[in-house]
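Have a look at the structure below before the remarks.
Number of protein chains: 2
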Amino acid sequence: MLIARSTDYAVRALKYLAEKREETSAAELTRVLSIPWPFMRKIMQSLGKKGLVSSRKGPGGGFRILKSPGEIKLTELINIFQGPVCLNECIFKKKVCPHKKTCYLSKKLGEIEEHAYLVLSKITLKEIISQSRAKGV
Amino acid sequence: MLIARSTDYAVRALKYLAEKREETSAAELTRVLSIPWPFMRKIMQSLGKKGLVSSRKGPGGGFRILKSPGEIKLTELINIFQGPVCLNECIFKKKVCPHKKTCYLSKKLGEIEEHAYLVLSKITLKEIISQSRAKGV
DNA sequence: CAATATGATACTCATAGAGTATCTTATTGT
DNA sequence: ACAATAAGATACTCTATGAGTATCATATTG
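First to last, the protein sequences are chains V and U.
Counting from 38, one number per residue, gives the positions in the first sequence under this note's numbering.
Counting from 38, one number per residue, gives the positions in the second sequence under this note's numbering.
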């Protein structure tokens, strides 16, 4: 799976934060985006740790986006929630195939992975927002 | 994961069968390729059901490849052992996202999937064999 | 100081990939 | 005929991971 649920939820949350531009609680995000509350909290905490959002405790507190949408690449979010984009290396995790370097299949999978990375890294939150506006979603 | 272990094992087994061109038992495949015996058997049975190999019971029996290596696409094997090549649709399996059709992300993931399929479907057992010969693997 | 909101952390639950076990059926050499 | 060999069929276990939950601690504010 290229995009996990957590990454997808993070995108939606950040999109909402970017459009609202006000401090927003996890509770509100949960309500608006129909994402389970404890899961949403977990995701927001991760985004906080990575410096994508600021957070403030207490009544009226919540999260605020820290980077401009154009700076937030999809691959950054994938890295946070899923680790490196990987369609290839994972197969024989610990004990990597000894022929890896010379293997034709591995080379081809590497090509696919590279292409995927290229496409994904060109996608920023900005694109996602403007495209969804254009479609009225 | 683009290529599962079972698919990978199937490739190795078919490669061996294609090069040997004689009836070969699962036991021999297991020995030569260092793949667990019951797992190898399961894989060979699947290949048999799909008509990629013939099988014969009894002493001296075993498997023989039925198609020419050039006819065996990697995507065919992926379909047998993993189902359709899919990097996109699986995310919200049952309850597919209602915006799927118009979603920008989904479109981009579709592009990546298409590219992956294109590359994988161009790879046949023939290529895998000749490339591995060239590298002396 | 009570209510609200996040921080940290540990937990459960479901699924799928990887691999195993076992019984049945067919073939063949002696 | 029959023991040995090899595949067919099928159901099972084991483990890791993604998805989601629960709970306690801590900070803020009216």
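For every residue, glycine included, the Cβ atom is placed at its ideal position computed from N, Cα and C.
**Delimiting residues of the alpha helix (DSSP H) encompassing S43 of chain U** = Along the second sequence, one-based indexing puts residue 43 of chain U at 6. Per DSSP, S43 of chain U belongs to the alpha helix (DSSP H) from 42-57.
**Asked** Ends of the alpha helix (DSSP H) at I165 of chain U?
**Response** Reading the second sequence from its first residue, position 128 is the one you call residue 165 of chain U. Note, I165 of chain U: alpha helix (DSSP H), 162-172.
**Contact set for K131 of chain U: own chain, Cβ-Cβ below 8 Å, skip 5 residues either direction** = Working through the second sequence from its first residue, we reach residue 131 of chain U at position 94. For K131 of chain U, the pLDDT reaches just 47, beneath the cut-off of 50, and the residue's location in the model is therefore unreliable, although a value from the coordinates is still provided. By the criterion of a C-beta distance shorter than 8 Å, K131 of chain U is surrounded by no residue of its chain, once the five residues flanking it on both sides are discounted.
**Message:** Can you tell me whether I128 of chain V is buried or exposed? The criterion is at least 16 other CB atoms within 10 Å of its CB, across all chains shown.
**Reply:** One-based indexing of the first sequence puts residue 128 of chain V at position 91. In this prediction, I128 of chain V has a pLDDT of 49, which is less than 50 and means its spatial position is unreliable; nothing more can be read from the coordinates.
**Request:** Determine contact between the stretch 111-119 of chain U and the stretch 80-98 of chain U, defined as no fewer than three beta-carbon pairs at a distance below 8 Å.
**Result:** yes
**Asked** Name the residues in the stretch 98-126 of chain U whose C-beta lies less than 9 Å from a C-beta of chain V; which are they?
**Response** L111, C123, L124, N125
**Message:** So, at 7 Å on beta carbons, what are the nonlocal neighbours of L124 of chain V in its own chain, with the 5 sequence-adjacent residues on each side left out?
**Reply:** Position 87 of the first sequence, counted from the first residue, corresponds to residue 124 of chain V. Excluding positions up to five away in sequence, the list reads L146, I149, E150, A153.
**Item:** Alpha carbon of G120 of chain V to alpha carbon of S158 of chain U, nearest angstrom
**Value:** Indexing the first sequence from 1 puts residue 120 of chain V at position 83. Indexing the second sequence from 1 puts residue 158 of chain U at position 121. If I take the Cα positions, the gap works out to 28 Å.
**Asked** If we ignore side chains and look at the alpha-carbon of each, how far apart do I160 of chain U and K94 of chain V end up?
**Response** On the second sequence, position 123 is the one that residue 160 of chain U refers to. On the first sequence, position 57 is the one that residue 94 of chain V refers to. Their Cα atoms are separated by approximately 55 Å.
**Prompt:** With 7 Å set as the bound, which would you pick, yes or no: does the beta-carbon of I149 of chain V sit closer than that to a beta-carbon of chain U?
**Reply:** Stepping through the first sequence from its first residue, residue 149 of chain V is reached at position 112. Judged by the 7 Å Cβ criterion, I149 of chain V is in contact with chain U.
**Asked** Under the rule that 16 or more other beta-carbon atoms within 10 Å means buried, what is S167 of chain V, buried or exposed?
**Response** Along the first sequence, one-based indexing puts residue 167 of chain V at 130. Classification of S167 of chain V: exposed, given that the 10 Å Cβ count is below 16.
**Message:** Assuming V90 of chain V is part of the beta strand (DSSP E), what are its boundary residues?
**Reply:** Position 53 of the first sequence holds residue 90 of chain V. Here the beta strand (DSSP E) through V90 of chain V covers 90-93.
**Asked** What residue ranges within the stretch 61-123 of chain V form continuous alpha helix (DSSP H) runs of no fewer than 4 residues, ordered along the chain?
**Response** 63-70, 74-86, 111-119
**Request:** Going by CA-CA distance only, name the one from V:K163, V:G173, V:C140, V:L162 that's closest to V48 of chain U.
**Result:** Mapped onto the second sequence, residue 48 of chain U falls at position 11. With distances taken between Cα atoms, V48 of chain U lies closest to V:C140.
**Prompt:** So is G107 of chain U buried or exposed if we call it buried at 16+ other beta carbons inside 10 Å?
**Reply:** For the purposes of this step, residue 107 of chain U is taken as residue 70 along the second sequence, with counting starting at 1. Under this definition G107 of chain U is an exposed residue.
**Residue from V:F118, V:V122, V:K144, V:T44 whose Cα sits closest to the Cα of K172 of chain U** = As a working note, residue 172 of chain U is residue 135 in the second sequence. Of the candidates V:F118, V:V122, V:K144, V:T44, the one whose C-alpha sits nearest the C-alpha of K172 of chain U is V:K144.
**Prompt:** To the nearest angstrom, how far is it from the Cα of R58 of chain U to the Cα of I102 of chain U?
**Reply:** The residue given as residue 58 of chain U occupies position 21 in the second sequence. The residue given as residue 102 of chain U occupies position 65 in the second sequence. The straight-line gap from Cα to Cα measures roughly 7 Å.
**Request:** Could you tell me if G99 of chain V is buried or exposed, where buried requires 16 or more neighbouring beta carbons within 10 angstroms of its beta carbon?
**Result:** In the first sequence, residue 99 of chain V corresponds to position 62, counting from 1. Classification for G99 of chain V: buried.
**Message:** Check for me: the alpha helix (DSSP H) holding L146 of chain V runs from which residue to which?
**Reply:** Within the first sequence, numbered from 1, the residue matching residue 146 of chain V stands at position 109. 141-159 is the span of the alpha helix (DSSP H), which, as asked, contains L146 of chain V.
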